[in-house]
Amino acid sequence: MIPLETQRLILRDFVESDWPAVHQYASDPKVVRYLTFGPNSEEDTKNFLQREISLQGEEPRQHFALAVTLKPQKQLIGICRISVKDTDNKIGSIGYSFSKEFWGQGYATEAVKALVSFGFQELDRLTSHIYDLSPIKHYLSTN
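Taking my numbering, the leading residue of the sequence shown gets 1210, the next gets one more, and so forth.
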């Protein structure tokens, strides 16, 4: 289950000592520009980590906020999360945020692929909806 491993990454539960690395990206205005939080103060980041660590003990666990670390160095480079929002209707959400020096290197894609696999295989509480937009595209192209 947790930790999740990919070719280059380890996705693991947060620990309190992660706060300086988390604060590096959570306090960066460019990183949080389109997010619903931040830029964080040190207190904001510590409170966030305490909340996430406390949620690790939920039974059944509905929220997985994971530290994304580089495999060889174990350097924390960001966060990815998967949350079960509605167990009856099998609705979940995924999110991520990375330190900007790690943007554009495929780490988010790699982490999200691992989360999606985890969500469908391990949680067994998520479903996928794929909509065929072909009729809409056809209508738009002819009008």
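Heads up, the beta-carbon is just placed ideally off N, CA and C, and yes, glycines get one too.
Would you report the Cα separation of Q1216 and Q1265, rounded to the nearest angstrom?
-> Distance between the alpha carbons of Q1216 and Q1265 is about 25 Å.
Among I1303, T1278, Y1243, P1238, which one has its Cα closest to the Cα of H1272?
-> Its Cα nearest to that of H1272, the residue I1303 stands out among I1303, T1278, Y1243, P1238.
Segment limits, alpha helix (DSSP H) that includes R1290 | Here R1290 belongs to no alpha helix (DSSP H); instead the beta strand (DSSP E) covers 1285 to 1295.
Tell me which same chain residues have a C-beta within less than 6 Å of the C-beta of I1219, skipping the five on either side of it?
-> In chain order, P1212, T1278, K1280 place their CB closer than 6 Å to the CB of I1219, counting only its own chain and leaving out the 5 sequence neighbours on each side.
Looking at the structure shown, is L1264 part of a helix, part of a strand, or coil, going by DSSP?
-> Note: L1264 maps to helix in three-state DSSP.
Which value, in whole angstroms, describes the spacing of the CA atoms of L1342 and L1275?
-> A caution first: L1342 carries a pLDDT of 47, below 50, which makes its placement in the model too unreliable to give a value.
G1301 and V1293 closer than 8 Å at C-beta | Yes.
Excluding the 5 residues preceding and the 5 following E1319 in the sequence, name in chain order all residues of the same chain whose CB lies nearer than 8 Å to its CB.
-> Cβ neighbours of E1319 beyond the five flanking positions: T1215, Q1216, R1217, L1218.
Would you tell me roughly how many angstroms separate the C-alpha atoms of R1290 and Y1305, rounded to the nearest one?
-> Rounded to whole angstroms, R1290 to Y1305 spans 6 Å at the Cα level.
Straight-line gap, Y1234 to D1295 (C-alpha atoms, nearest Å) = So the alpha carbons of these two residues sit roughly 29 Å apart.
Near K1239, which residues of its chain fall below 7 Å by C-beta distance, leaving aside the five closest residues on each side in sequence?
-> Around K1239: K1309.
Bridge partners - S1302, DSSP secondary structure assignment | The partner list for S1302 (beta bridge, DSSP) reads S1292.
Below 7 Å CB to CB, which residues in the same chain sit around L1324 once its five sequence neighbours on both sides are set aside?
-> Counting only Cβ-Cβ distances below 7 Å, and skipping sequence neighbours, we find C1289, I1291, I1303.
Does DSSP put V1356 in a helix, a strand or coil?
-> One cannot answer for residue 1356 here, as it falls past the ends of the chain, which runs 1210 to 1352.
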